[in-house]
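So the protein lines, in turn, are chains A and B.
Every number in the working numbering is 173 more than the matching position in the first sequence, counting from 1.
Every number in the working numbering is 173 more than the matching position in the second sequence, counting from 1.
Number of protein chains: 2
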Amino acid sequence: MAEQKKLVAEITSMDEDFTQWYTDVVVKAGLVAYSHIKGFLVYKPAGYALWEAVQNLLDARFKKTGVENVYMPLLIPENLMAKEGDLVNGFAPEVAWVTAGGSEPLQERLCVRPTSETVFSDFFRTDVQSYRDLPKVYNQWCSVVRWEKETRPFLRSREFMWQEGHTVHASEEEAKARTQQMLNVYADFCAEDLAIPVVKGRKTDKEKFAGATATYTIEALMHDGRALQSGTSHDFGTKFAEAYGIQFTDRDNKLKFAAQTSWGLSTRIIGALIMVHGDNSGLVLPPRIAPTQIMIVPIQQKKAGVLDKAYEIRDMLKDFRVKVDDTDKSPGFKFADQEMRGIPVRIEIGPRDMANGKCIIARRDNHEKTECDIASLPEKMAELLPQIQKDMYDRAAKHLEDHTYSAATKEEFVRLFTEKSGFVKAMWCGDQACEDKIKEDLGVTSRCMPFQQETISDVCVCCGKPAKKMVYWGRAY
Amino acid sequence: MAEQKKLVAEITSMDEDFTQWYTDVVVKAGLVAYSHIKGFLVYKPAGYALWEAVQNLLDARFKKTGVENVYMPLLIPENLMAKEGDLVNGFAPEVAWVTAGGSEPLQERLCVRPTSETVFSDFFRTDVQSYRDLPKVYNQWCSVVRWEKETRPFLRSREFMWQEGHTVHASEEEAKARTQQMLNVYADFCAEDLAIPVVKGRKTDKEKFAGATATYTIEALMHDGRALQSGTSHDFGTKFAEAYGIQFTDRDNKLKFAAQTSWGLSTRIIGALIMVHGDNSGLVLPPRIAPTQIMIVPIQQKKAGVLDKAYEIRDMLKDFRVKVDDTDKSPGFKFADQEMRGIPVRIEIGPRDMANGKCIIARRDNHEKTECDIASLPEKMAELLPQIQKDMYDRAAKHLEDHTYSAATKEEFVRLFTEKSGFVKAMWCGDQACEDKIKEDLGVTSRCMPFQQETISDVCVCCGKPAKKMVYWGRAY
């Protein structure tokens, strides 16, 4: 127990200092290490395995909707980047520039991709000729670079991994439908695989993606009541097509500009996993995304038959992602280490239990311990893992509900953001000036105009003019 | 048939101009498109699907040997790159340099990774403390940049995708064993999944990787008789550990330098797939790697029931990767297009066959067409696909055997490289001067010193001094 205490004691309590708790978990759970360059992370096996799990689950969902994976160049010529004015203005301050190849200076600077609308559009310009070539529903898994000033593991990095989907369509209606389809894919993925409930909606013009006609978003609420934008889907209409010359001959034999979308979800989502489910013992992983779902810990493992029994149980559970911790560490250390890493279920097996054909099952999410017949472990696990997944979702959904408030008046709005942390639903007139003022006064931004609109009052919570939209407001990562 | 001819006519015959044939296949099979930057490719869906298949199959083989995936930063500080002298000298002429982040010039140049020994070593320096931390068997899937002068799709690009494995061990013996284990993984992957036989051996000092104490290689023979280095595995001994300070406390409580390896296989392997198996109708894919194994082509698809029957057959064959080509192109066009793309098996189904419960099966590899009962298609395919895989391997193995020659004398060596194309086995004294002379005179390089040594003669084929090793020589991509 001394060892266990020591290990656990190294994490700051989340109630004491949430920011430090987060950093502690990220490092102590072995997810990442820092490199010599600010904002460039080393993904260690436990961290990369989470990203691999995200990739596998999300990619399967993509492919069901007809997505094809491709890969575009890492570097983008400056003049290509500059063709769509809003995009280049949005990204120019934060791109990394390659100016030499080998010992030769380059004739034209190349930027390391911060996002790939430009190269996809340039490719579509020649690849799309006729309505018969449409739609193209492409995606790439890659890393991108944005020279951020402030960085935090997963949440804001100079290099981060993501997927970026890019599609071309014959009509704006079809493009719009695709953006919403992909937003739903993200929301379902978060809810079903990550046990994270999200609010779906549209970004205001101030908060939308540079170059988009509309940006849709899923917003999640972290344990500390701050919001995290967890995935976005952009409708470009024909804006990029006009800038890059993507035209096709339609069925009516007329030359038309194509409509486009893009949508992305990044390693940020790992930050959401940590901050939605984690506790003071470390990470808590939902079973569906957990690289290891069950860890078997032999007790008094040097006693005859204990390790063999542990391996036998592992082999009984081969339908799950299961491992035996047969290192020479103490059980107490193993317990604490596996809790830190968020493994959903621990099975303890020692000489006494073995003699009775029993073992102990410990749930990571609620720390519940129960005894179980070894023989019935496979059925028990087939029930327990989905139950944990559901309980984790329900807990997160309750947290979201409990921390979503409504404000009809400015006083109420200010009071809520002073006394509480979470989302506040309030009406908005549609003017950016009110968003700017709210941000300046309270450090709060409009997270989204939810698809499910409600009427909290008739007037803007900021200026008192007639309201146009109900908005989720929050302090965001 | 006019359409089919037209499509096929667009490929140059491989006997006429192999280089042009290769470029034609790469483009017409829809694998890649060129971007605005020389040597940076767009991987289209068919090209990326091949790389995804390589990743899935190879990654599964890696994980069976205990490999864990990680991810290291894309950019490397110049001073970190420079710590190991041989490596930096080997790569300095061909790296791309980032000199500005956003609008600010950087204080230190960062290179886009050409390979990641330096960042892995720097990470291991702090991550490895004790023999209990060893071995670490890590791998990353990523893209790298090398500013090559001459570029060709897949074979030599400025950006290419690969995996790079990096391991640390407590002893040099264990590191050496890991390099050979991974070389065998590559060779088995090539033979079993890609139907490509390879020669395994060790590189000469002239041809080894910058910074390695030994480089092992697998060498494949292309259809035109040229060699392609298809995967390499490097033993570093303690060289990088000494340069980067990777030390650990061993069981005997002494501080020791760790031993390291690295091993890589890249998108080059797609070039090998094309040039080993392709023919004058285009790409020919072995079934195990083919993203689509079976394509069903409905004949007279507008007639009642034809398309439904095609979908019914697809559903019967759901254990395979199967699709129906239900586009409005003509059957002739579809046949030619699918041959170009190398799909292993085509099933033709039309009204006449349907009435008899029959269909036509066409093999891509040998153009054989047979009739088959629709009801027995699942069993037929379960036999046929492995048969095609085997036949393709056997054909490639025969080609390798038929184009591997032996030269006991210099005259014979020169005659073979003048009249024939392929590997020539010949003895070597061990001096780089002879390698240099052979390269200068004949454009031929030492491909490897094969593990299976033979004695062709007692003296070096170049200088006549006593021979030390039998070497495979060849003209290489």
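Positions of the beta carbon are idealized from the N, C-alpha and C atoms, including for glycine.
Once DSSP output is grouped into helix, strand and coil, what is the label at residue 345/A?
helix
Length of the line joining the Cα atoms of residue 404/B and residue 441/A: 34 Å
Inset, instruction - Determine the DSSP secondary structure at residue 307/A, reduced to helix, strand or coil. - result: coil
- [ ] Return no unless some Cβ of chain A is closer than 9 Å to the Cβ of residue 436/B.
- [x] no
Nearest chain B C-beta to residue 210/A closer than 9 Å, yes or no?
yes
request  = Return yes when the Cβ of residue 303/A is within less than 9 Å of the Cβ of residue 411/A, no when it is not.
outcome  = no
**Asked** Since residue 209/B contacts residue 394/B with CB under 8 Å, what's their CB separation in whole angstroms?
**Response** The pair is not a contact, with the Cβ atoms about 35 Å apart (cut-off 8 Å).
Check whether chain B comes within 9 Å of residue 127/A, counting only Cβ atoms and requiring the distance to be less than that. With chain A represented from 174 up to 650, any question about residue 127/A goes unanswered, as that position is not in the structure.
Please tell me whether residue 295/B has its Cβ less than 9 Å away from any Cβ of chain A.
yes
> Does the segment 613 to 630 of chain A come close enough to the segment 589 to 604 of chain A to have 3 or more Cβ pairs within less than 8 Å?
Replying inline: yes
Q) Counting contacts by CB-CB distance shorter than 9 Å, is residue 245/A in contact with chain B? A) yes
- Task: Report yes or no: do three or more beta-carbon pairs, one from the segment 429 to 443 of chain B and one from the segment 334 to 351 of chain B, lie closer than 8 Å?
- Result: yes
Among 381/B, 521/B, 406/B and 469/B, which residue has its Cα nearest to the Cα of residue 354/B? 406/B
May I ask you to report which of helix, strand or coil DSSP gives residue 284/B?
-> strand
Q. Looking only at its own chain, which residues have a Cβ that is under 6 Å from the Cβ of residue 642/A, when we skip the five neighbours before and after it?
A. 601 and 622
On the premise that residue 547/A lies in contact with residue 532/A, defined as a C-beta separation below 8 Å, what is that separation, rounded to the nearest angstrom?
5 Å
Three-state secondary structure (DSSP) of residue 228/A
helix
**Asked** Of all Cβ atoms in chain B, is any one closer than 9 Å to the Cβ of residue 431/A?
**Response** no
Are the C-beta of residue 337/A and some C-beta of chain B separated by less than 9 Å?
no
Between the segment 495 to 503 of chain A and the segment 459 to 474 of chain A, do at least 3 Cβ pairs fall closer than 8 Å?
yes
Hey, could you find the ends of the alpha helix (DSSP H) residue 596/A is sitting in? First-last for residue 596/A: 596 to 601, but that is the beta strand (DSSP E), not the alpha helix (DSSP H).
- Task: Can you pull the chain B residues whose beta carbon is under 7 Å from the beta carbon of residue 216/A, in chain order?
- Result: 243 and 244
query = Can you give the Cα-Cα distance for residue 674/B and residue 232/A, rounded to whole angstroms?
reply = The requested residue 674/B does not occur in the structure, where chain B is confined to residues 174 to 650.
Q: Give the interface partners of residue 463/A over in chain B, defined as CB-CB distance under 8 Å, in chain order.
A: Chain B residues near residue 463/A: none, gap ~16 Å exceeds 8 Å.
Examine the Cβ distances between the segment 367 to 387 of chain A and the segment 310 to 317 of chain A and report whether three or more of them are shorter than 8 Å.
-> no
- Task: Please decide whether residue 311/B counts as near chain A, where near means a Cβ-Cβ distance under 9 Å.
- Result: yes
- [ ] Determine the burial state of residue 555/B: buried for a count of at least 16 other Cβ atoms within 10 Å of its Cβ, exposed for fewer.
- [x] exposed
9 Å Cβ cutoff met for residue 455/B and residue 202/B:
yes
What's the call for residue 309/B, buried or exposed, on a 16-neighbour Cβ count within 10 Å? buried
Item to check | Beta-carbon proximity of residue 615/B to residue 590/B, cut-off 9 Å | outcome: yes
**Message:** Given this structure, state the Cα-to-Cα distance separating residue 652/A from residue 545/B, to the nearest angstrom.
**Reply:** The question about residue 652/A has no answer here: the residues shown for chain A are numbered 174 through 650.
- Can you pull the chain A residues whose beta carbon is under 7 Å from the beta carbon of residue 253/B, in chain order? 209
Measure from the C-beta of residue 300/A to each C-beta in chain B and report whether the shortest distance is under 9 Å.
yes
- Quick one: what's got a C-beta closer than 8 Å to residue 462/A's C-beta in the same chain, skipping five residues either side? 223, 226, 227, 230, 366, 367 and 446
ask   = If we call anything under 9 Å between Cβ atoms a contact, is residue 216/A one with residue 451/A?
value = no
Handout entry: Straight-line gap, residue 211/B to residue 637/B (C-alpha atoms, nearest Å)
Key = 44 Å
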